[in-house]
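Chains as they are written, first to last, in this note's numbering: chain A, 450 to 561; chain B, 9 to 125.
All C-beta atoms, glycine included, are put in the ideal place defined by N, C-alpha and C.
These notes are about the structure you will find just below.
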Amino acid sequence: ELKVEQNPLFLSMQEGKNYTIYCNYSTTSDRLYWYRQDPGKSLESLFVLLSNGAVKQEGRLMASLDTKARLSTLHITAAVHDLSATYFCAVSRTGTASKLTFGTGTRLQVTL
Amino acid sequence: NAGVMQNPRHLVRRRGQEARLRCSPMKGHSHVYWYRQLPEEGLKFMVYLQKENIIDESGMPKERFSAEFPKEGPSILRIQQVVRGDSAAYFCASSPSSGTGNTGELFFGEGSRLTVL
C-alpha cells in the first residue's frame, strides 16, 4: 500500500521567514503533485513534478522531487499572509494512471 | 471553459436517507475520480471511472456506496441509508484521457459537503 507522509502537519510562521514542507512516500513513483486548499474550498493545483531532480518555482513557492530518496519538498521563501492554507502532496504509483494518494496535509498559518 | 462542476454544494440528510452527488467533468475530460475528505484530514480515494466503466473502486466501502458515469450525463456517487460517519466533503476530479502530454494532473471540483443528522 502506498503511503504518503507530510511534515510538519501544522506550521505557524511569521511573515518574511523561510520554511520547507517535506513529503515522503513509500513506493516507486515518478509523479508527484502539490495542491493548495483554502478552508471550505476546492484543491488548487500548484506543481506537477514528473522526473527525478525536477524543480519548479512559482512566486514564493518552489517544489523539488528526488525519486531515489522518495522525497519532495515545498520551500516557502519570505512568507506572506496570503500563503496561509493547507498544502497537500499527492503521489501516483508508477503505472496507475492518475489515481493519486494524498498526504495528510500541512496546515500553514502565516502571522504578521 | 467550465471547470469540474459538482452539485449540490451542500446536502443535509437524516440517518437512513439516500444521498446523491453529481459531478460533470471538465470539457474534454473522460476520466472521473471521487475522493472523500473528513474534517481536518487528507483526501481518500474512493473510485475511478470512465464513461460506462468502473476502472478502480478499491476505495469504496463495500456496502451502501455506489458510483456510475453513464454515457450521457454526469457521474453520480450514491450513498444509501446514510449514517453520521458519512458526513464529509466529497470531491470529484477529472483528467483527460491517457496519452502524450497527459501529466496525470487531476482537476478538482468545489466539493459536495454532506451532513448527516
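Cβ-Cβ distance between residue i and residue j below 8 Å
i, j, result
"residue 534 of chain A", "residue 465 of chain A", "no"
"residue 520 of chain A", "residue 471 of chain A", "yes"
"residue 554 of chain A", "residue 119 of chain B", "no"
"residue 112 of chain B", "residue 31 of chain B", "no"
"residue 28 of chain B", "residue 86 of chain B", "yes"
"residue 105 of chain B", "residue 39 of chain B", "yes"
"residue 510 of chain A", "residue 469 of chain A", "no"
"residue 498 of chain A", "residue 484 of chain A", "no"
"residue 67 of chain B", "residue 53 of chain B", "yes"
"residue 478 of chain A", "residue 452 of chain A", "no"
"residue 99 of chain B", "residue 34 of chain B", "no"
"residue 559 of chain A", "residue 540 of chain A", "no"
For residue i, three-class secondary structure by DSSP
i, result
"residue 458 of chain A", "coil"
"residue 92 of chain B", "helix"
"residue 510 of chain A", "strand"
"residue 524 of chain A", "strand"
"residue 531 of chain A", "helix"
"residue 487 of chain A", "coil"
"residue 12 of chain B", "coil"
"residue 452 of chain A", "coil"
"residue 476 of chain A", "coil"
"residue 123 of chain B", "strand"
"residue 102 of chain B", "strand"
"residue 75 of chain B", "strand"
"residue 503 of chain A", "coil"
"residue 26 of chain B", "coil"
"residue 493 of chain A", "strand"
"residue 111 of chain B", "coil"
"residue 38 of chain B", "coil"
Cβ-Cβ separation, residue j to residue i (assumed contact under 8 Å), whole Å
i, j, result
"residue 514 of chain A", "residue 481 of chain A", "5 Å"
"residue 44 of chain B", "residue 96 of chain B", "5 Å"
Beta-bridge pairing of residue i - partner residues as DSSP gives them
i, result
"residue 537 of chain A", "A:484"
"residue 131 of chain B", "No information on residue 131 of chain B is available, as it lies outside the stretch 9 to 125 that chain B covers here."
"residue 555 of chain A", "A:536"
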